[in-house]
Each structure stands twice: as C-alpha cells, then as structure tokens.
Amino acid sequence: MRKNLFALVLTISLLVPYAVLAQTVKVTPAERRIAETIKADRLSNWLHFVASDAMGGRDTPSQGLDITAEFLKMKLSRWGLKPAGDNGTFFQNMNIISDVIVPDENTLRVGETEYFLGNHFVRLNGQGTFNSPMVFAHHGWMHRAKNIDAYNGIDVRDKVVVLYDSGFPNQNLSRRPEGLSDADITGTRGTDWADPITYATQKGAKGIIMVGSPQVEERWAQIRGFAPRGSTYVDGLRETPASPVIPILLVNRSVGDAIFQGSAGNKDSSSAFAIDRQVTGTIKSGKLSRRTQNVVALWEGSDPVLKNEMVAVGAHYDHVGTNPNAPGDDKIYNGADDDGSGTVALLAMAEALAVSKTRPKRSILFVWHAGEEKGLWGAEYFNKFPTVNIKNVIAQLNIDMIGRSRPPGDADPRNAELSGPNEVYVIGSEMMSSTLGAVTRSTNSSFLNLDYNLKYDDPNDKNRFFFRS
Ligand SMILES: [Zn+2]
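If you're matching positions, the sequence shown starts at 87 in the working numbering and goes up one per residue.
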C-alpha cells in the first residue's frame, strides 16, 4: 500500500507536463516501470534514519535537521541532480533571529530584597533598566467606548506597572476584561483601545510586572525553562519592531507578595492604586542568529524549450523536536509520518528519475522545506526569495503525512481522521486549477485506482489544510 501511494505521487508529477492540454492522461507501460522502481523497503530504510531518535525530532533549527539536510544533499548529489539553492549549492540558507536574554546580567530588587532570574522571575519580552515606584493597574486594558481604563485616576509615567490576571499571560499579557469581546476590538489600537503592553508603553511606563496566578505558580518549572527565548523570526520575512519594547516580567508568588507587602490594596483589587515600594531592575537581551536551510534540487527536462518550465514537488522535512515535559521517558517527537514520509517520498521520486533512461520534457523542482511547523517558514521564504525563476513553475505538488492509512476494519477513534485503507486525501487540485484535478484523476484511474477523498479540497474547509501545509 505504501509503495503504491508513493508511486501515485510520482506518476502525477511525471504526467502533469504532458497533460496540460489533453486534460486526461493514460499511464504508459514505460512510465509505470519508472514509478515501480520505487521500493517500499528503501523508503522504510530512509525513514528509519530520518525519523530516528538521533535526529532529535528535527526541530527548526537543530542539528538533527541539518544532518537530515546533509543526508538529502548526499543522495541528490550522488544521483546527479542539479543543485538549485544558493550559489550553486543544494541549500537555500535562512537566518533565524531570536531575541534572547543575556545570562547573568538580569537583576530584580523589590525594596531591599533581591530576586533571581528563573527562580523568581522570567522575562516575557523587552529590555531596559528601571528604578521606579510601582502602580497596580489590574488587567491593564483601555477601551474608550466601553469606558474601560485600567489607569483610571493614576499616572504611570516613569513607573513600573503591576498587573494581575487569574489565568496564563498571553501575548497581550492578560485576557480581555469582562465585557470586552473580540468584536469590540475595532478602530485604532492606542486610541480606541489598547492592550496592556500598548497602553503602558504609550503612557510612558518603565516596565510591566505581571504577577503570576496560581496556575502559573503550579507550572513554574516549565515556564522558567521556556521563557529565556523571546520572539523568533526568519530574517527577511518580518520587520524588526521599530521601537524597543519595555521590559515585561512574569514573577512568581514570592515576588508578588513582596510587591504588595504593607500596601493598602492587593492583586485582586479592581481599581488602580499606587504601591509605596521601589522596584529596581536590569533586563538585558541580545540577538541570536542561527542558520537553517531549505534543500533545493532540479532534475532537468529533455525538451530544449519546455525544460525551462518546472513542476515543483515539495515536502517539509522538519518536525517539532523534543518536549522535556512530555509524559514518560520518550521526549522525542520523531515525526515519521509528519513529514518524514513526504521527505523520503520526494527522495524516492528523485532517485526514480535519476535512474530512468528517459527524462520528462519539463524539469522537476524538488524543495524540502524547513520550519513548516513554526509557521510555514521555509515555504514562505522560498516564495519570497526563490532561487529559481518561480514564474516558470507550472504546478506545485506538496506531500504531507502519507506514511499511514487506516487499516481495514480499524475502528480506533484516534484513527478516525486518517485516510481509509485505499484512500488518499487530495487537496487543492480541483479548487485551484481547471486542469490538475482532471490530470490526477485520470492518472489514478489508469494506474493505481486509489479512492480520492476530496473533502478538504474546499476553500471553506475549516481545517485549512490547503493553506497550512
Ligand atoms: Zn506536516
């Protein structure tokens, strides 16, 4: 079954170029022979390597991902595919920039007591120094039309704003106050409404201290492990923030108690008040740059003119890495199906082409994307900074999670979303193109006869698999 699935994908990619006008195709015996050089045991061997514990779950960036890229490169180069990444190499490099805290240069003192990074506080964002009085400002939000103002009657300029929310801090630091729904967040940020960070920055605060809830307290060991790294992005894909963010800290109960010690109000107060204590601190962060890569290769077509056109096939070769807090002893997410399966499928297609006596008329472009799990980094980067003339790519076939289907008779509810025993989810071929659907359907009916499930081939599909992978 697995072999057949891979063969199907290969056949689609070989036949698309011939079928653009005809719209229906019939697999020839010669094409069938090429597809059938792909063997299940070979795919299995590669997949056991790519999804081995030694790869550490192929996080982006990571050594495991780099080793996987080297493995792909070694094969592609041996088979004679053409490097199509940066400067005649198989790699398209990307720089991943992280805002990281500088160790040993972060201090926090409330009154006379000193607190320590990790043990007592973590940085959520920003950097800077402060030596200021504090004000308590509840949830920290402002909404003009709803008459919500966390700073009502109090000036936060040159002070550190202390906030409390009963849940977990999100990217706006606290949940929206009662009575403020999604629909209310309209108009201009900073004028009509402001989240706690926007509001504190706008009003000239020196920093924000978020006092942790009981849930935060309970999971402090995990929070302190994740917190040192701030925002992470791919150089070139995102503008760096124009103005530096003021320091934003999350503190645990020991610091929270010290802040309100001797104060008239406490963290549960619903109105703002001045806290008669001084807070002093330094938060220092720097930029950490790390490299990762897409792997890009070309198999040139045989037709002197048509070979300038490309059919692209892609898969993401990254996965999500490890989770030190995962239950049990195994902390590695191996990602054999997602998307080790697509990774080795592409490799098998490259080899099948390389050992074939004939070439397709058009060229085949192979791209293994990094950082899909982080938010489609590799695909976005390749589209923004293509290493080939992307206008000549006439179709792109992406392969994700083709490693398993539901076995016959399997009623396990955890497998309910898997494709059926002889089934494959085909997404996008009908909704995107007037041709590709017909080509893939006729290819299938003249070769493998899989059941095509088109339920996700819909612009309104709520899972948005077409847009996400
Ligand atoms: Zn995936």
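Just so it is clear, CB atoms sit at the ideal spot from N, CA and C, and this is done for glycine as well.
Residue i lies in the alpha helix (DSSP H); which residues open and close that run?
i      : result
Arg339 : 339-346
Glu503 : Where Glu503 is concerned, there is no enclosing alpha helix (DSSP H), given that its DSSP letter is neither H nor E.
For a test of the three-state rule: what should DSSP assign to residue i, helix, strand or coil?
i      : result
Pro219 : strand
Ser442 : coil
Ile334 : strand
Trp463 : helix
Leu107 : Its pLDDT being 48, under 50, Leu107 is placed unreliably in this model, and the value from its coordinates should be taken loosely. Here Leu107 sits in coil by DSSP.
Glu303 : helix
Ala280 : strand
Tyr285 : helix
His134 : helix
Asp321 : strand
Val510 : strand
Asp543 : coil
Ala412 : coil
Ala360 : strand
Asn475 : coil
Arg119 : helix
Pro169 : strand
Met487 : coil
Leu162 : helix
Ile418 : strand
Taking residue i as part of the beta strand (DSSP E), name the residues at either end of that continuous run.
i      : result
Val385 : Before going on, a small fix: residue 385 reads as Trp here, not Val. Segment 371-385, the beta strand (DSSP E) holding Trp385.
Ser184 : 177-187
Leu451 : 449-455
Glu516 : Element bounds for Glu516: not the beta strand (DSSP E) but the alpha helix (DSSP H), 515-518.
His402 : 396-402
Ala481 : 479-484
Leu249 : 246-250
Thr199 : 199-201
Met296 : 293-297
Pick out whichever of the options has its Cα sitting closest to the Cα of residue i.
i      : options                        : result
Asn409 : Val331, Gln288, Gly273, Gly142 : Gly142
Ala116 : Asn549, Lys443, Phe471, Pro545 : Lys443
Asp544 : Gly265, Tyr511, Leu536         : Tyr511
Lys460 : Pro446, Val453, Pro472, His402 : His402
Asp127 : Arg448, Pro472, Ile513, Ala434 : Ala434
Leu374 : Ser515, Val365, Val188         : Val188
Met487 : Ala170, Ile271, Ser555         : Ser555
Arg363 : Val113, Arg144, Asn181, Glu198 : Glu198
Leu266 : Glu386, Ala280, Lys161         : Ala280
Asn469 : Lys232, Lys370, Gly293, Gln178 : Gln178
Thr318 : Leu534, Gly457, Ile476         : Gly457
Thr146 : Arg376, Pro300, Gly276, Ile295 : Arg376
Asn173 : Asp498, Glu509, Thr473         : Thr473
Ala398 : Ser355, Gly214, Ala170, Leu151 : Ala170
Ile485 : Phe551, Asp270, Phe254         : Phe551
CB residue i to CB residue j, shorter than 8 Å?
i      : j      : result
Lys548 : Ala383 : no
Asp278 : Arg310 : no
Val381 : Ala155 : yes
Ile345 : Val302 : no
Ile332 : Thr368 : no
Trp454 : Leu158 : yes
Asn539 : Ser515 : no
Gly226 : Leu210 : no
His206 : Asn420 : no
Asn192 : Leu203 : yes
Leu392 : Lys477 : no
Val111 : Thr529 : yes
Considering only DSSP beta bridges, list what residue i is partnered with.
i      : result
Gly367 : Leu194, Phe216
Arg275 : Trp279
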